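**Student:** One structure, pasted below without further comment.
Number of protein chains: 2
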Amino acid sequence: MITSFKPPQRTLMGPGPSDVHPRILEALGRPTIGHLDPAFIGMMDEVKTLLQYAFQTENALTLPVSAPGSAGMEACFVNLIEPGDKVIVCVNGVFGTRMIENVTRSGGEAIRVDDAWGQPVDTNKVEAALETNPDAKILAFVHAETSTGVESDAAALCALAKAHDCLVIMDTVTGLAGVPVKVDEWGADAVYSGTQKCLSCTPGISPVTFSERAAETIRNRKTPVQSWFLDMNLVMGYWGPGAKRAYHHTAPINALYGLHESLVMLQEEGLEASFARHKAMHEKLRDGLAEIGIGYLVDEAHRLPQLNAVMIPQGVDDATARGRLLNEFNLEIGAGLGDFAGKVWRIGLMGYSAREENVQLCLDALKAVIK
Amino acid sequence: MITSFKPPQRTLMGPGPSDVHPRILEALGRPTIGHLDPAFIGMMDEVKTLLQYAFQTENALTLPVSAPGSAGMEACFVNLIEPGDKVIVCVNGVFGTRMIENVTRSGGEAIRVDDAWGQPVDTNKVEAALETNPDAKILAFVHAETSTGVESDAAALCALAKAHDCLVIMDTVTGLAGVPVKVDEWGADAVYSGTQKCLSCTPGISPVTFSERAAETIRNRKTPVQSWFLDMNLVMGYWGPGAKRAYHHTAPINALYGLHESLVMLQEEGLEASFARHKAMHEKLRDGLAEIGIGYLVDEAHRLPQLNAVMIPQGVDDATARGRLLNEFNLEIGAGLGDFAGKVWRIGLMGYSAREENVQLCLDALKAVIK
Numbered sequence: 001m002i003t004s005f006k007p008p009q010r011t012l013m014g015p016g017p018s019d020v021h022p023r024i025l026e027a028l029g030r031p032t033i034g035h036l037d038p039a040f041i042g043m044m045d046e047v048k049t050l051l052q053y054a055f056q057t058e059n060a061l062t063l064p065v066s067a068p069g070s071a072g073m074e075a076c077f078v079n080l081i082e083p084g085d086k087v088i089v090c091v092n093g094v095f096g097t098r099m100i101e102n103v104t105r106s107g108g109e110a111i112r113v114d115d116a117w118g119q120p121v122d123t124n125k126v127e128a129a130l131e132t133n134p135d136a137k138i139l140a141f142v143h144a145e146t147s148t149g150v151e152s153d154a155a156a157l158c159a160l161a162k163a164h165d166c167l168v169i170m171d172t173v174t175g176l177a178g179v180p181v182k183v184d185e186w187g188a189d190a191v192y193s194g195t196q197k198c199l200s201c202t203p204g205i206s207p208v209t210f211s212e213r214a215a216e217t218i219r220n221r222k223t224p225v226q227s228w229f230l231d232m233n234l235v236m237g238y239w240g241p242g243a244k245r246a247y248h249h250t251a252p253i254n255a256l257y258g259l260h261e262s263l264v265m266l267q268e269e270g271l272e273a274s275f276a277r278h279k280a281m282h283e284k285l286r287d288g289l290a291e292i293g294i295g296y297l298v299d300e301a302h303r304l305p306q307l308n309a310v311m312i313p314q315g316v317d318d319a320t321a322r323g324r325l326l327n328e329f330n331l332e333i334g335a336g337l338g339d340f341a342g343k344v345w346r347i348g349l350m351g352y353s354a355r356e357e358n359v360q361l362c363l364d365a366l367k368a369v370i371k
Numbered sequence: 001m002i003t004s005f006k007p008p009q010r011t012l013m014g015p016g017p018s019d020v021h022p023r024i025l026e027a028l029g030r031p032t033i034g035h036l037d038p039a040f041i042g043m044m045d046e047v048k049t050l051l052q053y054a055f056q057t058e059n060a061l062t063l064p065v066s067a068p069g070s071a072g073m074e075a076c077f078v079n080l081i082e083p084g085d086k087v088i089v090c091v092n093g094v095f096g097t098r099m100i101e102n103v104t105r106s107g108g109e110a111i112r113v114d115d116a117w118g119q120p121v122d123t124n125k126v127e128a129a130l131e132t133n134p135d136a137k138i139l140a141f142v143h144a145e146t147s148t149g150v151e152s153d154a155a156a157l158c159a160l161a162k163a164h165d166c167l168v169i170m171d172t173v174t175g176l177a178g179v180p181v182k183v184d185e186w187g188a189d190a191v192y193s194g195t196q197k198c199l200s201c202t203p204g205i206s207p208v209t210f211s212e213r214a215a216e217t218i219r220n221r222k223t224p225v226q227s228w229f230l231d232m233n234l235v236m237g238y239w240g241p242g243a244k245r246a247y248h249h250t251a252p253i254n255a256l257y258g259l260h261e262s263l264v265m266l267q268e269e270g271l272e273a274s275f276a277r278h279k280a281m282h283e284k285l286r287d288g289l290a291e292i293g294i295g296y297l298v299d300e301a302h303r304l305p306q307l308n309a310v311m312i313p314q315g316v317d318d319a320t321a322r323g324r325l326l327n328e329f330n331l332e333i334g335a336g337l338g339d340f341a342g343k344v345w346r347i348g349l350m351g352y353s354a355r356e357e358n359v360q361l362c363l364d365a366l367k368a369v370i371k
């Protein structure tokens with residue numbers, strides 16, 4: 001007989017999920033109502049307004065996709081790409097690689113611009129690719145690489161794309177609410193994020209925003225979007241704009257209560273204060289790590305404060321150390337991926353995890369397991 | 001300033017979501033842990049075992065898709081269909097129509113077998129379609145049509161498909177836990193359901209199960225699955241079978257706590273007892289409706305006990321009546337779809353909604369608004 005699951009109380013300092021604030025956990029358990037209930041539709045409008053605030057955009061087509069960040073990514077690619085479209089994809093980590101998969105599975109042609117993992121996207125290489133591919137329709141890049149903790153220069157990449165008349169698809173799953181994400185100022189056309197990073201919410205929902213130019217591109221497609229579930233032409237009928245709400249799929253009601261609460265909290269704190277808190281906690285962690293001889297993978301200029309990719313000290317076994325952190329300290333940090341497996345740890349300071357107690361626990365626990 | 005959302009306390013007797021049991025709401029708010037945490041992976045194994053129980057199957061590839069039922073549907077179609085494949089699709093309601101969309105968007109050719117909405121799928125027509133299309137690869141049908149409350153003869157349809165060497169895709173979003181769903185006995189190859197119906201859980205997750213024959217078909221594809229997010233070759237790497245758990249996407253942790261709890265409750269009650277409860281509540285509702293002159297859309301032999309499509313009495317305005325039920329009784333029932341809009345109500349008795357108090361409330365409230 002299988003019984004109720006009682007999860008342990010962990011401190012989550014990996015690449016996500018991050019610690020979920022008690023207010024958000026409480027919101028998840030509120031009474032379920034219908035997805036066409038007028039009360040729910042009012043909440044949906046608030047979620048859209050709050051997401052516009054988080055993304056710093058006035059895009060009407062700003063909403064939460066009813067599935068994790070990977071589905072938000074897929075929503076951007078399948079809606080904008082038609083068979084044969086050329087897409088320049090910047091690859092400097094796991095999520096750039098996943099973008100390539102999305103392009104080819106959507107029938108597009110991917111032009112790959114590679115940079116070493118741990119480095120930001122090189123704008124010179126991108127400019128060269130745009131010049132040699134004047135027929136490219138889209139430039140796709142990862143603003144905040146979750147696999148390496150690198151921030152790329154989103155403003156410069158968007159400007160290059162505009163200068164070459166390309167649409168921009170931008171991944172900021174780990175960026176949103178941790179560092180500035182200026183969708184309108186930069187001119188990014190299709191942007192996706194996740195709830196389980198700097199929004200401190202549970203995983204499972206992907207906020208997305210599409211510029212008017214992107215929405216127009218979707219409305220004018222010659223071929224149907226290959227995914228029925230992610231077809232924005234249909235999703236728009238439920239999420240608006242406009243008063244009429246046509247049933248498309250059943251929204252994940254309680255998960256959206258959680259997202260709403262996390263966005264209310266972000267608005268209460270204020271975007272700038274949230275960025276400042278992530279930066280302050282990052283500096284505190286960085287200084288503490290330096291004292292115990294742990295250095296960073298990424299150059300200071302390109303580090304995401306919320307995702308600290310650090311070098312595992314020589315002589316320390318990765319799996320053993322992370323196992324001890326989990327079992328002795330209930331602390332989760334992330335493993336390295338790809339070539340960095342066994343060499344790098346990823347320490348998240350995202351959302352509710354970006355606070356003094358967590359930094360202190362992490363430093364104390366690391367001190368204990370690496371000695 | 002937008003503040004926390006406090007939903008009203010409704011009684012949910014529409015086509016889903018159904019009332020969520022307090023134990024499940026409580027489970028949703030338990031502490032979030034990581035998607036690669038050994039404690040979480042233990043819970044995943046339990047969810048798989050419990051889903052096998054619910055689906056009455058030993059299929060190893062039985063798991064919850066991290067998105068609503070529509071995505072579960074899409075997972076079945078995009079994984080089994082390759083461009084040019086012929087699929088016989090039975091259409092007797094909204095969800096059969098949606099299957100057609102899924103076939104064509106996956107590059108398949110849909111052979112449509114229509115029956116009137118409110119009627120079950122006609123096995124003679126299906127047999128004829130199988131005979132005139134010996135090259136068909138798949139037969140797809142809806143076991144329990146949420147749009148009309150009709151149950152089709154799944155055993156007979158699966159047998160026909162087997163006799164003609166076709167794979168079966170079956171929609172039982174509204175069926176699971178409300179009426180018998182015998183995946184192995186019937187020989188259905190790819191089956192999807194939802195959490196927000198007779199499992200009484202919140203919406204957002206889609207349980208699916210694939211037979212070994214379906215899994216083999218997926219492994220031997222000549223073309224990649226068009227959806228990266230739903231590619232079962234990749235999802236299998238995270239959900240097993242096998243001990244190694246490769247990161248694919250971040251699982252919706254807390255939503256899965258809810259599903260786990262709902263499945264534990266189903267196991268405690270027992271499948272047969274759950275079916276009997278749905279049937280008993282249906283009969284009580286039916287008898288009460290008869291007393292106030294409300295009859296059914298569907299013939300008795302093909303009615304789903306958990307979804308009662310009933311005729312709106314003459315002279316009663318649909319929207320006004322449902323508005324009063326919601327505003328005066330906090331009771332949600334469902335509208336009719338398509339040709340049945342304004343003519344039919346859909347009264348759900350699913351999961352935790354299938355209890356005496358709900359039936360009584362519904363009868364009392366209907367009496368008040370139709371007089």
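For the record, the sequence lines run as chains F and Y.
Residues in the first sequence are numbered from 1 upward in steps of one, following full-length UniProt numbering.
Residues in the second sequence are numbered from 1 upward in steps of one, following full-length UniProt numbering.
All C-beta atoms in this analysis are idealised placements derived from N, C-alpha and C, irrespective of residue type, glycine included.
These numbers were taken from a predicted model, which means no experiment stands behind them.
Suppose you measure from the CA of D45/Y to the CA of L36/Y; what does that come to, to the nearest Å?
**Tutor:** So the two alpha carbons sit approximately 13 Å from each other.
**Student:** What residues from chain F crowd round E261/Y, counting only those whose CB sits closer than 9 Å?
**Tutor:** By Cβ distance, chain F contributes S4, F5.
**Student:** If you scan the segment 259-318 of chain F from start to end, which runs of the alpha helix (DSSP H) of 4 or more residues do you find wholly inside it?
**Tutor:** For the segment 259-318 of chain F, whole alpha helix (DSSP H) runs of length 4 or above, ordered along the chain, are 271-291.
**Student:** Please name the residue or residues paired with A335/Y in a DSSP beta bridge.
**Tutor:** Its beta-bridge partners are W345/Y.
**Student:** Would you mind stating whether K197/F and G348/F have Cβ atoms separated by less than 9 Å?
**Tutor:** Yes. Within cutoff.
**Student:** DSSP beta-bridge partners for M190/Y?
**Tutor:** Checking the sequence shown, residue 190/Y turns out to be Ala, not Met. According to DSSP, which records beta bridges pairwise, A190/Y is partnered with I169/Y, F210/Y.
**Student:** Please go through the same chain and pick out, in chain order, the residues whose beta-carbon is closer than 6 Å to the beta-carbon of V94/Y, but skip the five residues on each side of it.
**Tutor:** So the qualifying residues of the chain are S147, L337.
**Student:** Just how far apart, CA to CA, sit L230/F and L28/Y?
**Tutor:** Straight-line Cα distance between these residues: approximately 25 Å.
**Student:** Can you list, in chain order, the residues of its chain whose CB lies under 8 Å from that of S353/F, leaving out five sequence neighbours each side?
**Tutor:** Closer than 8 Å at the Cβ level, and outside the excluded window around S353/F, lie T11, L12, M13, S18, D19, S200.
**Student:** Can you pull the chain F neighbours of N254/Y, defined as C-beta to C-beta under 7 Å?
**Tutor:** Within chain F, the residues near N254/Y are L28, T202.
**Student:** Can you grab the Cα-Cα spacing for the pair N124/F / K86/F, in whole Å?
**Tutor:** When rounded, the distance between both Cα atoms is 19 Å.
**Student:** Which residue wins for smallest C-alpha separation from A154/F, given the options P8/F, L51/F, H302/F?
**Tutor:** Closest option to A154/F, Cα to Cα, is H302/F.
**Student:** Since I believe A75/Y is in contact with Y192/Y (beta carbons under 8 Å), could you give me their beta-carbon distance rounded to a whole number of angstroms?
**Tutor:** About 7 Å separates the two Cβ atoms, so the contact holds.
**Student:** Spell out whether any CB of chain F is found under 9 Å from the CB atom of H302/Y.
**Tutor:** Answer no: the Cβ-Cβ gap between H302/Y and chain F never drops below 9 Å.
**Student:** Could you check the C-alpha separation between V181/F and A163/F for me, to the nearest Å?
**Tutor:** Straight-line Cα distance between these residues: approximately 20 Å.
**Student:** Find the residues of chain Y that neighbour T49/F, judging by a C-beta separation of less than 8 Å, and give them in chain order.
**Tutor:** What T49/F touches in chain Y: I2.
**Student:** If you measure from the beta carbon of V316/Y to each beta carbon in chain F, is any gap under 9 Å?
**Tutor:** Chain F, which has no Cβ nearer than 9 Å to the Cβ of V316/Y, makes this no.
**Student:** Taking the runs of the alpha helix (DSSP H) that are 4 residues or longer, which of them lie wholly in the segment 136-183 of chain F?
**Tutor:** Complete alpha helix (DSSP H) runs here, min 4: 154-163.
**Student:** Below 8 Å on C-beta distance, what does P31/F contact in chain Y?
**Tutor:** Ordered by position in chain Y, the residues that pass the 8 Å Cβ test against P31/F are P7, P8, Q9, R10, V20, L25.
**Student:** Does DSSP put M350/Y in a helix, in a strand, or in coil?
**Tutor:** Reduced to three states, the DSSP call for M350/Y is coil.
**Student:** Around the Cβ of residue 387/F, are there at least 16 other Cβ atoms within 10 angstroms (buried) or fewer (exposed)?
**Tutor:** In the structure displayed, chain F extends from 1 to 371; residue 387/F sits before or after that span and is not available.
**Student:** Which whole-angstrom value describes the C-beta separation of T202/F and A255/F, a residue pair presumed to lie in contact below a C-beta threshold of 8 Å?
**Tutor:** Right, their Cβ atoms sit about 7 Å apart.
**Student:** Quick one: complete beta strand (DSSP E) runs, 3+ long, within the segment 46-131 of chain Y?
**Tutor:** DSSP runs (the beta strand (DSSP E)) wholly in the segment 46-131 of chain Y: 61-65, 86-91, 109-114.
**Student:** With burial defined as no fewer than 16 other Cβ atoms inside 10 Å of the residue's Cβ, what is the status of I292/F: buried or exposed?
**Tutor:** The residue in question, I292/F, is exposed, as its Cβ has fewer than 16 Cβ neighbours within 10 Å.
**Student:** Determine the burial state of A368/Y: buried for a count of at least 16 other Cβ atoms within 10 Å of its Cβ, exposed for fewer.
**Tutor:** A368/Y comes out exposed.
**Student:** Would you kindly work out how many angstroms separate the C-alpha atoms of E145/Y and V225/Y, rounded to a whole number?
**Tutor:** Taking the straight line from one Cα to the other gives about 27 Å.
**Student:** If you draw a straight line from the C-alpha of A129/F to the C-alpha of E109/F, how long is it?
**Tutor:** Near 14 Å, if we compare the C-alpha coordinates of E109/F and A129/F.
**Student:** From what residue to what residue does the beta strand (DSSP E) around L28/Y run?
**Tutor:** First-last for L28/Y: 22-28, but that is the alpha helix (DSSP H), not the beta strand (DSSP E).
**Student:** Report all residues from its chain with a CB closer than 6 Å to the CB of A161/F; omit the five preceding and five following residues, and keep chain order.
**Tutor:** The residues are L139, V168.
**Student:** Distance check for Y238/Y and T217/F, CA to CA, integer angstroms please.
**Tutor:** Cα to Cα, the separation comes out at about 35 Å.
**Student:** Would you mind sorting P8/F into buried or exposed? The rule is 16 or more other CB atoms within 10 Å of its CB.
**Tutor:** Under this definition P8/F is an exposed residue.
**Student:** On the criterion of 16 or more Cβ atoms from any shown chain inside 10 Å, does K6/Y qualify as buried, or is it exposed?
**Tutor:** Exposed: under 16 other Cβ atoms inside 10 Å.
**Student:** Taking C-alpha atoms, which residue in G34/Y, R30/Y, S4/Y, G16/Y lies nearest to L331/F?
**Tutor:** For L331/F, the nearest C-alpha among the options comes from G34/Y.
**Student:** Using C-beta distances below 8 Å, list every residue in its chain close to V91/Y, excluding the 5 sequence neighbours before and after it, in chain order.
**Tutor:** Excluding positions up to five away in sequence, the list reads T97, M99, I100, R112, V113, D114, D115.
**Student:** Might you give, ordered along the chain, the residues of its own chain that have their beta carbon closer than 8 Å to the beta carbon of E127/F, omitting 5 neighbours on each side?
**Tutor:** So the list reads L160, once near-sequence residues are dropped.
**Student:** Taking any Cβ of chain C, which residues in the segment 221-251 of chain Y have a Cβ under 7 Å from it, in chain order?
**Tutor:** Looking for chain C here will not work: the only protein chains present are F and Y.
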